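Undergrad: Let me give you the structure first, and then I'll get to my questions.
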Amino acid sequence: MPDSSRVLVLNSGSSSLKFALLDPHSGEQYLSGIGEALGSSEPLLSWRSPGQKHSRQLDGGAAHAVVIELLVRELLEETSLAQGALIAVGHRVVHGGERFARSALIDQQVIDTIAECADLAPLHNPPGLLGIHAAINAFPELPQVAVFDTAFHQTLPRHAYLYALPYSLYRDQRIRRYGMHGSSHRFVSERAADLLGKPLQETNLISAHLGNGASLTAVKNGESVDTSMGLTPLEGLVMGTRCGDVDAGLLMHLGDALGFSLEKIGCLLNRESGLLGISELSNDCRELERAAAEGHDGARLALEIFCYRLAKYIAAYTVPLQRIDALVFTGGIGENSAFVRQAVLCQLQHLGYQLDNHRNQSTRFGAEGRISKDGTAAALVIPTNEEWIIARDAASLVERGD
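What the sequence shown shows, in the numbering used here, is residues 756 to 1157, in sequence order.
Spelled out as structure tokens, the structure:
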């Protein structure tokens, strides 16, 4: 494979689309950007190429399809990004069910499986398929590779991934815990082991990926052994617009007592709950922190619930791990919110965490490092790099010819 090889990565999230063109070996980026606040009244597309920054305000309500169209058009018009060095397009796909324990070259069967799993990740797999189809149309000669968030969690033991439901539902319908954010948890686990000076296979971590979607993963000896998201990305932590854990009886109550349809319940739990639903203001943690500082009770309550649920989950994951080498914060909130990190660690002092305020305040905007005091339990901030994981897997598959 030539040293100049590049992989285009598309990473479609529930309200964002990240993209990058990078060297799969070094991680060097030639183009990177993000479409943010997609589906809102003020979506924004911004990107960087060598020596240049660009931004474009999109029409209100613009979502993933618009961003992908603009991205493909800009790439095709950018003469410095000639296709000669582009060896593959890598796609983040949230849900691959039990079918995929590793990344895969995309063919029609893979596309069909991603579509079949769309009801398990309704905010993610459909945008992911948009990216796949757009890239196939734009680069029909290039290999397309799907990198699945669920793949990293295929190492969960049965007692961690099975629900206490009739076993036939797993046997016949594969209803189980799958977990998400696998590429992120995998990257920060590898990086944390490097920072700790330990082999990954001997490293125990709790990885907290906190963004509009949020999940926690217990990593034992380099492998995922438990994770907070379940059959779908709805279970677990409080998120931007998703509720996380709720009493299953609530669903019956909403239907029987309030007359909510399944579609309405799904919309409420996935799009109208979480930080947005509690605060009645926003799903953006930055806006909520500003509002809370100004006395907005709903914003303050939403952040309090978010941090409490996170701290409770972290404490629970001491059970499968027993020994924890580090707690790692990553994702947009985990990397940048000193407020959230402080609120969480203050609730975990009984586990030995003592925050270093100066380190915590200075570790943001792409910085990595320890935020706990020396000699106390290690808490780290590590900016995630899902794009590099995706590019690496794509290049590896192309090189092997799988």
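Where is the CB? At the ideal position from N, CA and C, for every residue including glycine. The model shown is predicted, which means the values in this text are computed figures rather than measured ones.
Return the Cβ separation of Thr-849 and Pro-988 in integer angstroms, given the expectation that the two are a contact with Cβ distance under 8 angstroms.
TA: Sequence index remark: in the sequence shown, residue 849 carries index 94 (1-based). Sequence index remark: in the sequence shown, residue 988 carries index 233 (1-based). Reading off the sequence, residue 849 comes out as Val, not Thr. Contact flag correct, Cβ pair sits at about 7 angstroms.
Undergrad: Taking the C-alpha atoms as reference points, what is the distance between Asp-1129 and Gln-1097?
TA: The residue labelled residue 1129 in the question sits at position 374 within the sequence shown. The residue labelled residue 1097 in the question sits at position 342 within the sequence shown. Computed Cα separation, rounded: 16 angstroms.
Undergrad: I need the straight-line Cα distance from Asn-1091 to Val-943, nearest angstrom please.
TA: In the sequence shown, residue 1091 corresponds to position 336, counting from 1. In the sequence shown, residue 943 corresponds to position 188, counting from 1. Whole-angstrom Cα-Cα distance: 15 angstroms.
Undergrad: How far does the beta strand (DSSP E) with Lys-953 in it reach, from first residue to last?
TA: On the sequence shown, position 198 is the one that residue 953 refers to. DSSP places Lys-953 in no beta strand (DSSP E); its state is neither H nor E.
Undergrad: Considering Cα atoms alone, identify which of Ala-1012, Glu-1123, Asn-766 is closest to Val-1165.
TA: The structure shown has nothing for residue 1165, since the chain only spans 756 to 1157.
Undergrad: Would Glu-1035 be called buried (16 or more neighbouring beta carbons within 10 Å of its own) or exposed?
TA: In the sequence shown, counting from the first residue as 1, residue 1035 sits at position 280. Under this definition Glu-1035 is an exposed residue.
Undergrad: Around the C-beta of Cys-1101, are 16 or more other C-beta atoms found within 10 angstroms, so that it is buried, or is it exposed?
TA: Here the question's residue 1101 lines up with position 346 in the sequence shown. Its Cβ having fewer than 16 others within 10 Å, Cys-1101 is exposed.
Undergrad: With three or more C-beta pairs closer than 8 angstroms as the rule, is the region 881-900 touching the region 852-863?
TA: yes
Undergrad: For Arg-913, count the other beta carbons within 10 Å of its own beta carbon; 16 or more makes it buried, fewer makes it exposed. Which is it?
TA: The count along the sequence shown starts at 1 and reaches residue 913 at position 158. By the 10 Å Cβ count, Arg-913 comes out exposed.
Undergrad: Expressed to the nearest angstrom, what Euclidean distance is found between the alpha-carbon atoms of Ser-770 and Leu-920?
TA: Indexing the sequence shown from 1 puts residue 770 at position 15. Indexing the sequence shown from 1 puts residue 920 at position 165. Spanning the two alpha carbons is a distance of roughly 32 angstroms.
Undergrad: With DSSP collapsed to three states, give me the class of His-850.
TA: As a working mapping, residue 850 is identified with position 95 in the sequence shown. Three-state DSSP puts His-850 in coil, outside helix and strand.
Undergrad: Would you say Glu-990 and Ser-983 are within 8 angstroms of each other, going by their C-beta atoms?
TA: Your numbering for residue 990 matches position 235 in the sequence shown. Your numbering for residue 983 matches position 228 in the sequence shown. Yes, Cβ-Cβ distance for Glu-990 and Ser-983 is below 8 angstroms.
Undergrad: Does the region 882-890 touch the region 863-870, meaning 3 or more C-beta pairs lie closer than 8 angstroms?
TA: The region 863-870 makes contact with the region 882-890, as at least three CB pairs between them are under 8 angstroms.
Undergrad: Please report how far the alpha carbon of Gly-966 lies from the alpha carbon of Arg-854, in whole angstroms.
TA: For this step, residue 966 is matched to residue 211 along the sequence shown. For this step, residue 854 is matched to residue 99 along the sequence shown. C-alpha of Gly-966 to C-alpha of Arg-854: approximately 27 angstroms in a straight line.
Undergrad: Using 8 angstroms as the Cβ pair cut-off and three pairs as the minimum, do the region 814-830 and the region 1116-1129 touch?
TA: no
Undergrad: Using 10 angstroms around the beta-carbon of Met-994, count the other beta-carbons present and answer buried if the total reaches 16, otherwise exposed.
TA: Counting from one through the sequence shown, the residue named residue 994 turns up at place 239. With 16 or more Cβ atoms within 10 Å of its Cβ, Met-994 is classed as buried.
Undergrad: If you draw a straight line from the alpha carbon of Leu-1103 to that of Ala-1070, how long is it in whole angstroms?
TA: By one-based count along the sequence shown, residue 1103 stands at place 348. By one-based count along the sequence shown, residue 1070 stands at place 315. Straight-line Cα distance between these residues: approximately 7 angstroms.
Undergrad: Taking the DSSP output, what are the residues bridged to Glu-978?
TA: By one-based count along the sequence shown, residue 978 stands at place 223. In DSSP, Glu-978 forms a bridge with Lys-975.
Undergrad: For the region 998-1013 against the region 1022-1029, are there 3 or more C-beta pairs whose distance is under 8 angstroms?
TA: yes
Undergrad: I'd like the list of long-range same chain contacts for Ala-837, defined as Cβ closer than 8 angstroms, with 5 residues on each side in sequence excluded.
TA: Here the question's residue 837 lines up with position 82 in the sequence shown. Caution applies to Ala-837, whose pLDDT of 49 falls short of 50 and renders its modelled position unreliable; the model cannot decide the point.
Undergrad: In or out: Glu-1142 buried (at least 16 other Cβ within 10 Å) or exposed?
TA: Along the sequence shown, read from residue 1 onward, the residue named residue 1142 stands at position 387. Looking at its Cβ environment, which holds 16 or more other Cβ atoms inside 10 Å, Glu-1142 is buried.
Undergrad: May I have a chain-ordered list of the beta strand (DSSP E) segments no shorter than 3 residues that lie completely inside the region 884-920?
TA: Those beta strand (DSSP E) runs which fall completely within the region 884-920 and span 3+ residues are 899-903.
Undergrad: Secondary structure at Arg-1096, three-state DSSP: helix, strand or coil?
TA: Taking the first residue of the sequence shown as 1, we reach residue 1096 at position 341. If DSSP states are grouped into helix, strand and coil, Arg-1096 belongs with the helices.
Undergrad: Tell me whether Asn-892 is buried or exposed, calling it buried when 16 or more other Cβ atoms sit within 10 Å of its Cβ.
TA: Translated into the one-based positions of the sequence shown, residue 892 becomes position 137. Result: exposed.
Undergrad: For His-964, name the three-state secondary structure that DSSP assigns.
TA: Residue numbering aside, residue 964 sits at position 209 when the sequence shown is read from its first letter. Residue state, collapsed to three classes: strand.
Undergrad: List the whole-angstrom C-beta distance separating Gly-788 from Ala-818, where the pair is believed to meet the contact cut-off of C-beta under 8 angstroms.
TA: Against the sequence shown, residue 788 aligns to sequence position 33. Against the sequence shown, residue 818 aligns to sequence position 63. Contact doesn't hold; Cβ gap of about 16 angstroms is too wide.
Undergrad: Where do the N-terminal and C-terminal ends of the beta strand (DSSP E) with Lys-773 fall, by residue?
TA: Walking along the sequence shown from the start, residue 773 turns up at place 18. 772-777 is the span of the beta strand (DSSP E), which, as asked, contains Lys-773.
Undergrad: Who pairs with Leu-786 in a beta bridge, going by DSSP?
TA: On the sequence shown, residue 786 is found 31 positions in, with the first residue counted as 1. Leu-786 pairs with Leu-776.
Undergrad: Does Ile-930 come out as helix, strand or coil in the three-state DSSP assignment?
TA: In the sequence shown, the residue the question calls residue 930 occupies position 175. Reduced to three states, the DSSP call for Ile-930 is coil.
Undergrad: Taking Cβ to Cβ, would you say Ala-1066 is nearer than 8 angstroms to Leu-1030?
TA: Residue 1066 sits at position 311 when you count from the first residue of the sequence shown. Residue 1030 sits at position 275 when you count from the first residue of the sequence shown. The answer is no: Cβ separation not under 8 angstroms.
Undergrad: On the DSSP letters alone, give me the boundaries of the beta strand (DSSP E) that Leu-799 sits inside.
TA: As a working note, residue 799 is residue 44 in the sequence shown. 799-804 is the extent of the beta strand (DSSP E) around Leu-799.
Undergrad: Which residues in the same chain as Arg-820 place their Cβ atom closer than 7 angstroms to its Cβ, once the five residues preceding and following it in sequence are excluded?
TA: Against the sequence shown, residue 820 aligns to sequence position 65. In the sequence under discussion, the amino acid at residue 820 is Ala, which differs from the Arg named in the question. Closer than 7 angstroms at the Cβ level, and outside the excluded window around Ala-820, lie Leu-885.
Undergrad: State the DSSP-derived secondary structure class of Ile-842, mapped to helix, strand or coil.
TA: Here residue 842 refers to the residue found at position 87 when the sequence shown is read from its first residue. It is a strand residue.
Undergrad: Can you tell me whether DSSP reads Val-764 as helix, strand or coil?
TA: As a first step, residue 764 must be located in the sequence shown, where it is residue number 9. Strand at Val-764.
Undergrad: Reducing DSSP to helix, strand and coil, say where His-809 ends up.
TA: Indexing the sequence shown from 1 puts residue 809 at position 54. In this structure, His-809 counts as strand in the three-state DSSP scheme.
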